[in-house]
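In case it helps, our numbering puts the sequence shown at residues -15 to 599. Ideal placement from N, C-alpha and C gives every residue a C-beta, glycine not left out. Encoded as structure tokens, the structure appears first; notes follow it.
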Amino acid sequence: MELLDRENMANVEKQENIEAESLIKRKKKKKLGGLKTMPFILANEICDRFAHTGFHANMITYLTQELNLPLVKAANTLTNFDGAANFAPLFGALISDSFAGRFSTIIAGSIIYELGLISLTISVVLPRFHPPKCPTQENCKEASTLQIWVLYISLLLTSLGSGCIRPCVVTFAADQIDMTKSGVAARSWNLFTWYYFSMGMATLAALTLVVYVQDNVGWGWGLAIPTIAMALSILAFLVGSPLYNRIKPEGSPLVRLAQVIVAAVRKRKEVVPADPALLYENRELDAAISLNERLLHTNQFKWFDKAAIVTGNDATDSNTPNLWRIATVHRVEELKSIIRMFPIWAAGILVFASSSNSRSFTIQQARTMDRHLSHSFQFPPASLAIFGVISLLSGLVLYERLFVPFARRFTRNPSGITYLQRIGIGLVINILATVVASVVEIKRKAVAAEHNLLDDPKAIIPISVFWLAPQFSLHGTAEVFAFVGLLEFLYDQSPESMRSTAAALYWIAISVGDYVGTLIVSLIHKYSGKKSNWLPDRNLNRGRLENYYWLVTATQVINLLYYVICSWLYTYKTLEEVSEICEEVEELAGDKIPSIILDCRNGHGEVELGRNELA
-15 MELLDRENMA
-5 NVEKQENIEA
5 ESLIKRKKKK
15 KLGGLKTMPF
25 ILANEICDRF
35 AHTGFHANMI
45 TYLTQELNLP
55 LVKAANTLTN
65 FDGAANFAPL
75 FGALISDSFA
85 GRFSTIIAGS
95 IIYELGLISL
105 TISVVLPRFH
115 PPKCPTQENC
125 KEASTLQIWV
135 LYISLLLTSL
145 GSGCIRPCVV
155 TFAADQIDMT
165 KSGVAARSWN
175 LFTWYYFSMG
185 MATLAALTLV
195 VYVQDNVGWG
205 WGLAIPTIAM
215 ALSILAFLVG
225 SPLYNRIKPE
235 GSPLVRLAQV
245 IVAAVRKRKE
255 VVPADPALLY
265 ENRELDAAIS
275 LNERLLHTNQ
285 FKWFDKAAIV
295 TGNDATDSNT
305 PNLWRIATVH
315 RVEELKSIIR
325 MFPIWAAGIL
335 VFASSSNSRS
345 FTIQQARTMD
355 RHLSHSFQFP
365 PASLAIFGVI
375 SLLSGLVLYE
385 RLFVPFARRF
395 TRNPSGITYL
405 QRIGIGLVIN
415 ILATVVASVV
425 EIKRKAVAAE
435 HNLLDDPKAI
445 IPISVFWLAP
455 QFSLHGTAEV
465 FAFVGLLEFL
475 YDQSPESMRS
485 TAAALYWIAI
495 SVGDYVGTLI
505 VSLIHKYSGK
515 KSNWLPDRNL
525 NRGRLENYYW
535 LVTATQVINL
545 LYYVICSWLY
555 TYKTLEEVSE
565 ICEEVEELAG
575 DKIPSIILDC
585 RNGHGEVELG
595 RNELA
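Right, dumping it as structure tokens:
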């Protein structure tokens, strides 16, 4: 008995020390985070977007006119590296969520990105890294293997760097503010809207300033400006480092998902109890991965509930049970949440595929059209994307200030409409954009035929370049709904401890879309014939680009039908917020366990339950 008393006293003393340390940490954390950190965090994303747009928006011109690459090869090169840049966030997110944390991952990625920009700028400035100029665009000498590989290495570094930045910036910004359901409802602004708005402003600046410099001053300065901007963003992010609230990573999310699957397989012969309350739960064990919300049991994918069945071989009285043999309900629901998200996520792939190569082709179209704003000034082809950005920026403001309050009157939803409804509207608008693109190409070629210019790839067709503006505006409006909605959906419906990984899924959808787009373009170029090829290497006037757009439209219509079915069947995750947990604990505990209530009510909504957790 004396031995047991001593052990109990030691446990109580240990728990008091833990609570004291926890209280000190929370007091420190209360001074961290908040809106004051947003300029430093978003500055990094703004400069990343500015740099990416600055060298990518007009890169098709550099590849075709400076490196003398054929159109399809150049378009596929950019699309492939875009795919790599958008796939890399998966690795960046796993590094961040597993051990490095978001702050360190952003810093490392920014430095790698900067190295890529520096090498790309040097390769542009030094003549040995590009072939002789070919003003006629006929019988041109393509870039050598060495010159191509210098380009590839530079693009690869920027891809790896952005892979660390993209999944972490928006989630790191979310770490600084209250993102609980009540916290979001209390704010008059939406983090994801303003995140996208800041990216749009950076894109607009790049499309006006950088593209103009590239076309009229030179590629050296045109790439030096994004390089300098990225260096400044690193300094800005470091300056704000004392203010940041940094959440410690709690191990690989993929390992936790694998543990649930393995535990379920091991217990595949067990019968799931009819009462979910009999499944294993351990709030103390899950506290580090459920700071603001705890997932509740759902009836979908009940086979995975086998992982939470308590058997005689499971040591559930321990704080650290063998998680390869038994999983908590919260961890099982993490896996279910990811599985539920995948069909909706997959619908975004074809949306991104539809625009992966179209902008490269549109720039080539623009170079054959009348771009004069005055006798001495011509509108840069790559700057046509400005119309999409302006549409995006104005659409985001109108959506938040007019559409949401109006829709809220009918739906009583604080967000106006659901994430799934928002995405669906964007899919419809994106279909309209590709239809318009096809009609405009038919018009452009009709004018070229009327003036006998179809066989002259360098001729300027007497049709205004601004015929291309409507399709960009429609794409920008589609982004307001589909792209922002998808990002919000992935963040909101993902488990709390996998937010960076969920943000990475957004970029992976873009990546897969890029590769699907490349595959479609390559197959069309290969099998659409030599004499009447839809996507010819040099003379777009003799191509059938409008057929490419019609094909893309058809795939998007099929994708829309698929999305409607998936969204109709989708079940939103069920959760219990920390504030609700605290009310329950306070009601049950009364004055008996004040330490639990104290832990519940700290300023950051953390739940750090001790060994005296209520059963």
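Asked: CB-CB under 7 angstroms to F181, same chain, minus the five flanking residues each way: which ones, in chain order?; Found: L377, L380
Asked: How big is the Cα-Cα spacing for L503 and L334?; Found: 12 angstroms
Asked: One question on the structure: do F456 and G372 come within less than 8 angstroms of each other, judged by their Cβ atoms?; Found: yes
Asked: Just verifying my parser: in three-state terms, what is the DSSP assignment at E480?; Found: helix
Asked: Which complete alpha helix (DSSP H) runs does the region 98 to 180 hold, if anything under 4 residues is left out?; Found: 129 to 159, 165 to 170
Asked: K510 and L279 - do their beta-carbons sit closer together than 8 angstroms?; Found: no
Asked: Among residues of its own chain, excluding the 5 on either side of A292, which ones have a beta-carbon nearer than 6 angstroms to its beta-carbon?; Found: L263, Y264, A311, V313, V316
Asked: Checking 8 angstroms against the spacing of the C-beta atoms, do A366 and L452 come in under that value?; Found: no
Asked: Contact between the region 462 to 471 and the region 41 to 60 is defined here as three or more beta-carbon pairs at a separation below 8 angstroms; is this criterion met?; Found: no
Asked: Which term fits S448, buried or exposed, when burial requires 16 or more other beta carbons within 10 angstroms of its beta carbon?; Found: exposed
Asked: For G589, is the classification buried or exposed, using 16 other Cβ atoms within 10 angstroms of its Cβ as the cut-off for buried?; Found: Any reading at G589 must be qualified, since the residue scores a pLDDT of 36, below 50, and its modelled position is unreliable; the value itself is stated next. Buried: at least 16 other Cβ atoms inside 10 Å.
Asked: Give the secondary structure of L279 by DSSP, where H, G and I count as helix, E and B as strand, and everything else as coil.; Found: strand
Asked: Candidates V134, K57, T485, T187: which alpha carbon is nearest P237's?; Found: T485
Asked: List the DSSP bridge partners of L559.; Found: L279
Asked: Helix, strand or coil for I401 per DSSP?; Found: coil
Asked: So is Q49 in contact with chain C if we call contact Cβ pairs under 8 angstroms?; Found: Looking for chain C here will not work: only one protein chain is present.
Asked: Bridge partners for D354 per DSSP, in chain order?; Found: S448
Asked: Note down, in chain order, each residue of its chain lying with its Cβ closer than 7 angstroms to the Cβ of S143, except the 5 sequence neighbours on either side.; Found: F65, A68, A69, A72
Asked: Hey, would you say V223 sits closer than 8 angstroms to G206, going by beta carbons?; Found: no
Asked: Label P615 either buried or exposed according to how many other C-beta atoms from any shown protein chain fall within 10 Å of its C-beta, with 16 as the threshold for buried.; Found: This structure gives no information on residue 615, because the portion of the chain shown stretches from -15 to 599.
Asked: Where do the ends of the alpha helix (DSSP H) carrying S338 lie?; Found: 313 to 340
Asked: The alpha helix (DSSP H) spanning P364 covers which residue range?; Found: From DSSP, P364 is part of no alpha helix (DSSP H); its letter is neither H nor E.
Asked: Taking S602 as the reference, which of P364, I322, I492, D32 has the closest Cα?; Found: An answer regarding residue 602 cannot be provided, because it is not within the stretch -15 to 599 covered by the chain.
Asked: Could you tell me which of I90, V505, N200 sits nearest to N531, measuring between CA atoms?; Found: V505
Asked: What residues in its chain sit with their C-beta under 6 angstroms from that of I8, if we drop five residues either side in the sequence?; Found: Any reading at I8 needs caution, since the residue's pLDDT is 48, under 50, leaving its predicted position unreliable; the model's value is listed next. The answer is none, since no qualifying residue turns up.
Asked: For the alpha helix (DSSP H) that contains A292, what are its first and last residues?; Found: Careful: A292 lies outside any alpha helix (DSSP H) and carries neither H nor E.
Asked: In terms of residue numbering, what span does the alpha helix (DSSP H) encompassing R267 cover?; Found: 267 to 270
Asked: So, for N174: in the same chain, excluding its five sequence neighbours on each side, which residues have a beta-carbon less than 7 angstroms away from its beta-carbon?; Found: E384
Asked: Going residue by residue through the region 454 to 505, where are the continuous alpha helix (DSSP H) segments of at least 4 residues, counting only ones entirely within it?; Found: 468 to 477
Asked: Using 8 angstroms as the threshold, is the region 101 to 115 in touch with the region 245 to 262, meaning 3 or more CB pairs across them?; Found: no
Asked: Let's see if you can read the secondary structure: which residues bound the alpha helix (DSSP H) around P389?; Found: 388 to 395
Asked: Does the Cβ of W329 have 16 or more other Cβ atoms within 10 Å, making it buried, or fewer, making it exposed?; Found: buried
Asked: Please classify Y136 as buried or exposed, where buried requires at least 16 neighbouring CB atoms within 10 angstroms.; Found: exposed
Asked: Quick one: grab the DSSP three-state call for P210.; Found: helix
Asked: Can at least three beta-carbon pairs, one atom from the region 476 to 485 and one from the region 258 to 277, be found at a separation below 8 angstroms?; Found: yes
Asked: Using DSSP with H/G/I as helix, E/B as strand and the rest coil, what is V569?; Found: Legend: pLDDT at V569 = 46, less than 50; position of this residue unreliable, value from coordinates given subsequently. Reduced to three states, the DSSP call for V569 is helix.
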